[in-house]
Amino acid sequence: MTLGFYPGCSLKGSSREYAESVLALAKAFDINLEEINDWNCCGATAAHNMNKELSLALPTRILSLAEKQGLKEIVVPCAACYSRLTVTKHELAEDSALCSAVTESNGLEYTGSVSVLNVVQFLDKYITPNLEGKVVKPFDHKVACYYGCLLVRPHEILKFDREEDPQSLDTLMLKSGATPIDWAFKTECCGAGLSVSRTSSVGRLSGKIIGDAKDRGAETVIVACPMCHSNLDMRRDAINSYLGEKIDIPVLYITQAIGLAIGLDRKELGLQRHFVKVTV
Amino acid sequence: MSKIGVFVCHCGENISATVDCARVAETAGNYDGVAFSVDYKYMCSDPGQNLIKNAIKEQGLTGVVVASCSPRMHEPTFRKACAEAGLNPFMCEMANLREHCSWVHEKGEATTEKAIDLVRILVEKVKYNHSLNEIKVPVTKTALVIGGGIAGIQASLDIANTGHKVILIEKDPSIGGHMSQLSETFPTLDCSQCILTPRMVEVAQHPNITLYTYAELESLEGFIGNFKAKIRRKSKSIDEKLCTGCGLCTTKCPVKKIPSEFNEGLGKRTAIYVPFPQAVPNKPVIDRANCTYYIKGKCKVCEIVCPTGAIRFDQEDQIMEVEIGAIVIATGFTVKQPDFFPEYGYGKFPDVITGLQFERLASASGPTLGEIRRPSDGKIPEKIVFLACAGSRDPAKGIPYCSKICCMYIAKHAMLYQHKVHGGKSYVFYMDIRAGGKQYEEFVRRAIEDDGVNYVRGRVSRIYEKNGKLIVAGVDTLLNAMPVEIDADMVVLATAGVANEGAEELAQKLHVSYDPYKFFAEAHPKLKPVETNTAGIFLAGACQAPRDIPESVAMASGAAVKVAALFSKDELTREPIIAVVNRQAPPVYSSCVGCFLCVSACPYQAIEKEEIKNRNGEVIKSIAKVNPGLCQGCGTCVAFCRTKSIDIQGYTNEQMYTEVMALLNEY
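Just so you know, the protein sequences line up as chains V and H, in that order.
Going by the working numbering, the first residue of the first sequence is number 23, and it counts up by one from there.
Going by the working numbering, the first residue of the second sequence is number 274, and it counts up by one from there.
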């Protein structure tokens, strides 16, 4: 089976291991993830802060290219890319005048036929139904599933999971043999783009997240967003200096955790790329 | 030859802003049969009505068309004016230029043209109008009040004190409603029970009030003045005549751990129980879902201990039929329950409670006898946080409206806390303080200034537990959106006031309308706040929208006056807009062929068979006959009649056809 794949910038750079683990998992389940040719930036935060039409035109181009390539469903692991693509689809479906303006400026046909899946939806639909029996090494750890801000918001558009108390990652981890803990910071802000401009703020915000996960006995934090991962993992020094203690709980992408459970090679899953050593 | 008067109203600017009223009047003046045509700024005003009356008298008008607003509000006004000038009121028709034209279209030629069309079709219709006489129906001078909270109690007492009979039904084992659960009341801090319980007793003892607790409305039929209600008296499993209310059964019942509804789950009750010591009536009921005898088939401890032998395990629900003339709905409201705020941990953390639960903690009759102790471990909270608008004014939660009572009761809660826990710290997170009401603002200021309650303007994003404290994470918007965290011992959520479960079903039984939030709809938001769209059915209290005690009581008294006014006459007049079967000279008698399709089509069972007999008493023909007391004028029978023998008076087939032809410019 072939599905489309939109990596976005993060999965080609700072979170290569996310891409590696998604692809490794897909391969293990005989799914071919076909990258969209000539894809472009989703616009991220910058575009929609500057120009609405641009912020819609960039994701529309990606969706048009996917249509042209004959793809019906595309997997978008990055939570921010997923949000931009889904919001764009929604806005264009709601406003036909805007839709024609945007597609005209792109010069590419757009019908809105491509479904956009985030990593949870992808796992739910194509991996977990066949997971049982494949789990050779249950991920037998207490895990804190962290959703961040974009994976489940805004609910009116994404219509996916519960906005304030999401459960989808917890359910997936339960199926992989883990024990998800009930904790308070599932959807709190990690500091996002302040990572570069105000690292100390990220230390404080992400510090609360990691601190609470540790206090409640989590052995691993599970994420599904490159930004969350980089703040919770790469900014661990800032976090530790905010908390005044050294916390070495690793942060895993959900695809890495499931990969470990089905016995994939640690290197294939990119575990060696993390700043906080993955000991689980 | 008809002599019709056309009166075009500007409705201030409501019509004249988009319709050229002078031109409408001028055009209408040229129609065949129109003897008089004029436009005026406010036709419903006294000078406007005089214009109509004078024209009728001076011109000898035979019909009137008032081109103004929807007939809903002012048809009675203009018909009355016509009657006063000696014209049969049913010779007056209204063209709805406002709702059907000026409000929904832009200013322009086409809009005025449409207004002219609307007037023309009614000019043609009125030519076929006939004088009609109002129908008189008798009034059953007994009122049914549904719901025994403060609104229902007030309405019952007020109606009963005018000398009319009242049947009060309450679904719970006792009357008293939410008010009986409250500790003190704002803005005076007088004890809720102390002002309520005497009225509860008064209801029970009033010679004009028949009280049925543990009873619900089963069905309703009929119309204003002549309703028939079926009431389900749920089995209490006791013989009320024998029971003395000694309470022995409730002390001996072995099932003791059922969460008490009266204490909002903070206390326990037995399976045979009286909801609270001051209950009216003070006699127990058996909660069959939790009673060991009904679950396992044995126990009967209550029967053994009862000194009067009043326990009746085999008692069944009774359906009782009553005839009533008017209904007051006073079914109240409820508060939004758990799982609505996963981010606030309601249901997960025992010390996150609702406002109603706090009332029970603060109440002298509550599970802690009025001491503020938290549910988890019974400790006195040193720091307490109140969250206003927990759900209210939050479209994302599906409740865009303001629940209205919360700002005041939160101020009261915080004040009570400060009075009872000296040295305690209290915080209120709020969006705006809505303290509109007599002495309300002063009350809130007292909480802030005299009792030192800390008001923080901002929302709370999350509540979580850490080191045995509830961390309330919010924002202070008056400090430049500074994040605030308070480590509290207890949190009180002012959850939104919502309609009762089953409100929709009740509204459908009563044929009254309701809003998107299932609150019952008043007939007019300003001028008919206690009436519903169904004649003879009135509203009181929080079943219409969240209301505090003074408002509920005022509404209840208002509804009671409406009922008393209805009962002040022996007969009611009804509009003669009903179906009639035509009658003709012998030997035909009527074009009705007696197929009686109409009988099965009629939703009101208003059509019966009539036998036409000759002088010898032999039946010559069977035809349909409409009972004018039951017919609601819906017109279903007209559509069913194969021989066009039935017509709605005032809306005959001929009149409808004429209107259509007028619209098509055939006249």
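Just so you know, even glycine gets a beta-carbon here, dropped at the ideal spot from N, CA and C.
Because the structure is a prediction, the values reported are computed rather than measured.
Taking a beta-carbon distance threshold of 7 angstroms, Tyr787 (chain H) does not count as an interface residue toward chain V.
Here Ile577 (chain H) is exposed. Its C-beta has fewer than 16 other C-beta atoms within 10 Å. Listed in chain order, the positions of the region 614-639 of chain H with a beta carbon within less than 7 angstroms of a beta carbon of chain V are Pro615 and Glu616. Taking the CA atoms as reference points, Glu185 (chain V) sits about 39 angstroms from Ile423 (chain H). Approximately 45 angstroms separates the beta-carbon atoms of Ala583 (chain H) and Ser665 (chain H); this is outside 8 angstroms, ruling out the contact. Relative to the Cα of Ile419 (chain H), the nearest Cα in the group H:Leu752, H:Val726 and H:Ile448 belongs to H:Ile448.
According to the DSSP assignment, Arg847 (chain H) belongs to no alpha helix (DSSP H) but to the beta strand (DSSP E) extending over Glu844 to Arg847.
The beta carbon of Ala283 (chain V) is closer than 7 angstroms to those of Val157, Lys159, Pro160, Phe161, Ser198 and Gly199 in its chain, skipping five residues each way along the sequence. Take the alpha-carbon of Ile440 (chain H) and the one of Arg707 (chain H): they are about 37 angstroms apart. A straight line joining the alpha-carbon of His296 (chain V) with that of Gly155 (chain V) spans about 29 angstroms. Looking at the DSSP output, Thr435 (chain H) bridges to nothing.
The beta carbon of Glu56 (chain V) sits no closer than 7 angstroms to any beta carbon of chain H.
The DSSP assignment places 565-569 and 574-578 as complete runs of the alpha helix (DSSP H) inside the region 560-634 of chain H, in order along the chain (cut-off: 4 residues). Between His347 (chain H) and Val785 (chain H), the alpha-carbon positions lie close to 22 angstroms from each other. In the three-state reduction of the DSSP assignment, Val136 (chain V) falls in the coil class, being assigned neither a helical nor a strand state. Beta-bridge analysis with DSSP links Phe496 (chain H) to H:Asn499.
Contacts with chain H at 7 angstroms (Cβ-Cβ) include Asp187 (chain V). A check of alpha carbon separations from Arg719 (chain H) across H:Phe459, H:Ser465, H:Val338 and H:Pro798 identifies H:Phe459 as the nearest. Assignment of beta-bridge partners to Cys282 (chain H) by DSSP yields H:Tyr313.
In the DSSP assignment, Asn128 (chain V) falls within the alpha helix (DSSP H) that extends over Ser118 to Asn128. Among the CB atoms of chain H, one or more fall inside 7 angstroms of the CB of Ala206 (chain V). Where Cys167 (chain V) is concerned, there is no enclosing alpha helix (DSSP H), although the beta strand (DSSP E) around it starts and stops at Lys164 to Cys167. For Arg505 (chain H), the secondary structure class from DSSP, reduced to helix, strand or coil, is strand. Ranked by how close their Cα comes to the Cα of Gly215 (chain V), the residues V:Gly285, V:Leu107 and V:Thr67 have V:Thr67 in first place. With a contact defined as Cβ atoms closer than 8 angstroms, His373 (chain H) and Thr291 (chain H) miss out at about 12 angstroms. Around Val307 (chain H), the same chain offers Ile277, Val279, Ala301 and Val396 as residues with beta carbons nearer than 7 angstroms, after the five sequence neighbours per side are excluded.
Counting only runs of 4+ residues, the alpha helix (DSSP H) found wholly inside the region 766-818 of chain H occupies 776-783, in chain order. Shown here, Asn253 (chain V) sits in a helix according to DSSP, grouped into three states.
Rounded to whole angstroms, the separation of the alpha carbons of Ala669 (chain H) and Ser830 (chain H) is 36 angstroms.
Counting along the chain, Cys865 (chain H) sits inside no beta strand (DSSP E), nor does DSSP assign it H or E at all. Of the candidates H:Ile597, H:Val733, H:Asn303 and H:Gln478, the residue whose Cα lies closest to the Cα of Ile389 (chain H) is H:Asn303.
Residues of the same chain with a CB within less than 6 angstroms of the CB of Ser676 (chain H), apart from the 5 flanking positions on each side, are Ser665, Ala769, Gly770 and Pro819 in chain order. In summary, Ile851 (chain H) is buried, with 16 or more beta-carbon neighbours lying within 10 Å of its beta-carbon over all protein chains present. Between Gln278 (chain V) and Ser43 (chain V), the gap from beta carbon to beta carbon is short of 7 angstroms.
Per DSSP, Met367 (chain H) is one residue of the beta strand (DSSP E) stretching across Cys365 to Asn369. Spatial neighbours of Pro860 (chain H) in its own chain (CB-CB distance under 7 angstroms, excluding positions within 5 residues in sequence) are not present.
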